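For reference, the structure is listed below as structure tokens.
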Amino acid sequence: MEQEQLDIVKERIRAFMREDAYRPLKEDELAAGLRGVGEDVPGFAEALAALEADGAVIRNRSGLYGVPSRMNLVVGRLSMSPKGFGFIIPDVRDTEEETDVFVPGSALATAMHGDRVVARVTPSEQPGRAREGEIIRILERVNTRIVGTFERSKAFGFVTPDSAKIGRDVFVLKKDFNGAKTGSKVVVEITKWPEQRRSAEGRVVEVLGAAGDPGVDVLAVMRAYDLDEKFPIEVAAAAMRCPKNPLPEEYEGRRDRRDFPIVTIDGEDTKDIDDGIYAYEKDGGFFLGVYIADVSHYVRAGEPLDVEAARRGTSVYLVDRVIPMLPKELSNGICSLNEGVDRLSMACEMEIGADGEVKSYEIVPCVIHVARRLTYTLVNKVLAGEEPFVADNADIRPMLETLRRLRDTLRAKRHRRGSIDFELSEIKVKLDAEGHPIAIEKRTGSLGESIIEECMLIANETVARHMELKEEPFVYRVHEQPNSEKIERFQSLLTALGLRLHIDENGKVSSRDIQSVLDKVKGKPEERIIGAVALRSMQQARYSTQSLGHFGLAARYYTHFTSPIRRYPDLMVHRLLRETFATGHISAERREKLRAILPETAEHSSARERIAVEAERETTDMKKIEYMAQFVGETYEGVISGVTAFGIFVELDNGVEGLVHVSTMVNDYYSYVEEQYAMVGERTGTRYRLGDTVTIIITRADIQARTLDFVLKDNGVYEPGAVKQPAQKPAQKPAAKDGAKKGKRSQKKKPKGSADIIAAVPSAPETRRKKTRGAHGTGGSSAQRKDRAAKAAADSVPARAGAPARHAKSGKAPAGAQEERPGRGNRNERRRSDAPRAGAGSGRGEERGLRDYHRVTVTGLNSAVWPDPPGYRTQRPDAETTEKPRRAPRPARRMNRKTEGGTRSAD
């Protein structure tokens, strides 16, 4: 049946179950409830099945159908933490009190990060804490392909995901290696999803190259986020058919603005130019024309170019390349407002009063001819009066001066209404031809950028107000009220500093009040900490079909109209505007269709924007750490940019951020005081608070793990000789010489040139025995009998006096006996310890207790794992170190089914 008819039936089912059904119903009871007298419901079974697959209705064990919210269930996306737990972000929140749902590791079932799941919910016992849930069903698997590092043995291999949020390795059979070698960055396609005691299985579909090779790091990030520079064949062909210049017949029905001296202002390396401006003073105010590339004229709804643009959602600006939303024939060609050529445009022409308010406006299609392509640098120099730039640009200087006055007027108006101005800097990493970083530049906004920003903001507001007053279906850019819990924490900080934020009786706060606080502390020592906490209290902006306003800008109406070359919502906005040009309104039938499809488009665009931001940040952070590796051992001054229970983050002058772990603070015991955003010494009272300036020493820059570690110069111990920097490119295992026998010793030999983050734990006899296992489900009764015999022989050997006693069941020394063994151990040992064992504590928590380093997850550079830095001298006396008792030799085991779970347990 047609999709439209199916959607109608689905909505009828949902409405009936929400409003009329007072209990879970069988399928025939539900169908009977929908039918009127003598009425049939075509497509009922298909619609019900679709709703069940989507999680909109749930079928329980008794075969009864119900609404999740009335069955104590929640449906949403699972967001994992590298620590092993996760949160479910609900698809629907009926009330503001319905928080995200916390899912402990033991209740994850086999769900992975990003999966869409159904969970049974338990209310929180503590006020203000998230609800807790247990996943009972997985509706959608999203990690069909995973990027990671390959590690092989004779008969099988494992891919360790780059993302710490995917907590399980992927098992790969030898036939599916596809030429991958140990240390290769690969893309593995999942062929079998994980089960309770088994890892996911997959096959290598692409070998990106050896980890550390030029370009492989950025390519791995692209694959992880499903970003591709290449376009499908049909899309590339459609782009090739686009004209290089507008055709004369396309000028019909457009305002001719080719005589306006329109200019564009962008960065030096910008190629996709989608906005131009023109301004002059008029009647005590200003005329401002904002001219945007008419992308919607060339990218028609439903055609291949549009389908691909919608899928991508946005252009992505990685550290070394741009992944465009549209092919370059459009983004850099026919749609780009290049100097000296005619271009089709959508214009928002406004008359603005001396108070910055828009007195009148027109939104019209037009044709323009860009007079000059300017850069931010040039505009800044002209307006600063620098020669010879002033003399060389005398023709456009009057308009630039007008634009500066207009910018001041618009900025003052925003400030009066309470718009919040966060002074944020931009970090740009410069690379050489091979992709290695050679410099880091920290840039703040300039006058030229501010001029363009104010012009674009007023155009966006004007277009949003235009469509809101028409009450037409539309896509808005919304920024909602801050979370009340975060505002309360912000208020606590302000109270400690002798300040106060006005909060009304409903617990709401206005942007004007936040800006007022920021104005009070401007130029004072506490400015940095208050600005940082205020920014972190904000919600994330998103796209919506509801006009909810923009809190940060203090704008009642807001949308994105000005960048259709690189943002799909802007393209949608242009199309919706175009539909009103003929009659002033969208037809009733079309309006209903739009209201059905636009919410999904807005949600998808928001999701793609978040992916783009994460990918951009990850590649930039990666290159930052690679650049800082050359400065290990050097001393710098920085500002505390984050405080957590496990340490403090420090941002250096160049924008690079690293961690000072609490274990490296040697002069006292330190506690995290959340309401003060500080680490406070128990005895000395020394306080390290957000925004404070500290001096640090860089101890390690690990490019592979993407971590940067510091110690405090006046409160830490750093031994340069003890620091062993991880190799940028992991060495391959050396091949055995011709005719040489490959014994077990040679297989265990550590390849030259590799460097562990932390020194490896010396292998005990039972550890060496475990390394002979690891196949995915091999072993037998014979090996088990030999194990039992070997254990009996070992137990008969008396321990030396003073040797630590071993656990009766596991044969392991107690935690205290092994505590002085620093290091991570070998990978095979970690895999074994991650697998759940009967009668033993489950996996991670027990394993951490056996090691002399902290393993915690942070959200600084990119949510990575930060162990104690090498070079930090432990404070425990050497006398505590005890020697392992010798045990009788045991026969080597064959592969055992205990490793069927792969490298990590479900927890």
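With the first letter of the sequence shown counted as 1, position 240 gets the number 239 in numbering that gives the first Met the number 0; the numbers rise by one all the way through.
Cβ coordinates follow ideal geometry from the N, Cα and C atoms, glycine included.
Note that the structure is predicted; figures quoted are calculated from it, not measured.
Kindly list the residues whose CB is nearer than 6 Å to the CB of residue i, restricted to its own chain and excluding five residues on each side of it in sequence; keep chain order.
{"i": "R416", "result": "A553"}
{"i": "Y277", "result": "F259, I261, G288"}
{"i": "T543", "result": "As written in the sequence, residue 543 is Ser, which differs from the Thr given in the question. These residues qualify, in order along the chain: Y475, V477, A601."}
{"i": "N177", "result": "V203"}
For residue i, I'd like the list of residues in its chain whose CB is within less than 7 Å of its CB, leaving aside the five on either flank, ordered along the chain.
{"i": "K507", "result": "Q480"}
{"i": "S509", "result": "G417"}
{"i": "V659", "result": "G646, I647, V649, I695, F709, V710, L711"}
{"i": "T313", "result": "M324, R565, R566, Y567, R607, E608, A611"}
Here's the rule: buried if 16 or more other CB atoms are within 10 angstroms of the residue's CB, otherwise exposed. What is residue i?
{"i": "Y626", "result": "buried"}
{"i": "I695", "result": "buried"}
{"i": "H465", "result": "buried"}
{"i": "M324", "result": "buried"}
{"i": "H478", "result": "buried"}
{"i": "G548", "result": "buried"}
{"i": "Y375", "result": "buried"}
{"i": "E139", "result": "exposed"}
{"i": "T408", "result": "buried"}
{"i": "S61", "result": "exposed"}
{"i": "A236", "result": "exposed"}
Rounded to the nearest angstrom, what separates residue i and residue j at their Cα positions?
{"i": "K191", "j": "F170", "result": "10 Å"}
{"i": "R511", "j": "A533", "result": "13 Å"}
{"i": "T263", "j": "E205", "result": "42 Å"}
{"i": "N244", "j": "N337", "result": "11 Å"}
{"i": "D691", "j": "T683", "result": "17 Å"}
{"i": "E18", "j": "Q4", "result": "21 Å"}
{"i": "E361", "j": "D168", "result": "58 Å"}
{"i": "V318", "j": "V428", "result": "7 Å"}
{"i": "A628", "j": "E617", "result": "17 Å"}
{"i": "V315", "j": "L226", "result": "8 Å"}
{"i": "Y250", "j": "C454", "result": "26 Å"}
{"i": "A383", "j": "G283", "result": "25 Å"}
{"i": "L597", "j": "A118", "result": "28 Å"}
{"i": "A238", "j": "E599", "result": "26 Å"}
{"i": "D420", "j": "S536", "result": "14 Å"}
{"i": "S908", "j": "A49", "result": "With the chain running from 0 to 906 in the structure shown, residue 908 is simply not present."}
{"i": "A914", "j": "R413", "result": "Outside the displayed range of the chain (0 to 906) lies residue 914, so it cannot be described from this structure."}
{"i": "F149", "j": "I426", "result": "32 Å"}
{"i": "E718", "j": "V158", "result": "34 Å"}
{"i": "K327", "j": "N59", "result": "51 Å"}
{"i": "L63", "j": "L29", "result": "10 Å"}
{"i": "S359", "j": "V462", "result": "12 Å"}
{"i": "V369", "j": "A393", "result": "17 Å"}
{"i": "E433", "j": "G214", "result": "7 Å"}
{"i": "F580", "j": "R574", "result": "10 Å"}
{"i": "I322", "j": "D268", "result": "15 Å"}
{"i": "R254", "j": "E233", "result": "33 Å"}
Quick one: what's got a C-beta closer than 8 Å to residue i's C-beta in the same chain, skipping five residues either side?
{"i": "R589", "result": "E578"}
{"i": "L500", "result": "I486, F489, Q490, L493, V508, D512, I513, V516"}
{"i": "A495", "result": "E674, Q675"}
{"i": "T401", "result": "A278, Y279, E280, F285"}
{"i": "S449", "result": "R406, R410"}
{"i": "V298", "result": "L304, D305, A308, L325, L329, L570"}
{"i": "A540", "result": "R476, V477, H478, H549, G551"}
Which partner residues of residue i appear in the DSSP bridge assignment?
{"i": "P160", "result": "G147"}
{"i": "C454", "result": "Bridge partners of C454: none, in fact."}
{"i": "L534", "result": "Its beta-bridge partners do not exist; DSSP assigns none."}
{"i": "D341", "result": "H368"}
{"i": "F709", "result": "V659, I697"}
{"i": "I647", "result": "V642, V659"}
Let me check you understand the geometry: is the CB of residue i closer than 7 Å to at least one non-hydrogen atom of the ligand FMN?
{"i": "E233", "result": "Judged by which ligands are present, the structure shown has none, so any question about the ligand FMN falls away."}
Complete beta strand (DSSP E) runs within the region 255-282 (minimum length 3 residues, chain order)
Correct list: 262-265, 274-281.
Inside the region 354-410 only - beta strand (DSSP E) runs reaching at least 3 residues
The qualifying runs are 357-368, 371-374.
Quick check on the DSSP output: what are the complete beta strand (DSSP E) runs of length 3 or more inside the region 467-527, in order along the chain?
Entirely contained in the region 467-527, the beta strand (DSSP E) runs reaching 3 residues are, in chain order, 475-477.
Which parts of the region 164-193 are runs of the beta strand (DSSP E), unbroken and 3 residues or longer, counting only runs that do not cross its ends?
The region 164-193 contains these whole beta strand (DSSP E) runs: 169-172, 183-191.
As an exercise, report each continuous alpha helix (DSSP H) stretch of at least 4 residues that is fully enclosed by the region 80-144, in chain order.
Counting only runs of 4 or more, we get nothing.
Please give the ranges of any alpha helix (DSSP H) in the region 533-580, keeping only runs that are unbroken, at least 4 residues long and fully inside the region.
Restricting attention to alpha helix (DSSP H) runs no shorter than 4 residues, the region 533-580 encloses them at 567-580, ordered along the chain.
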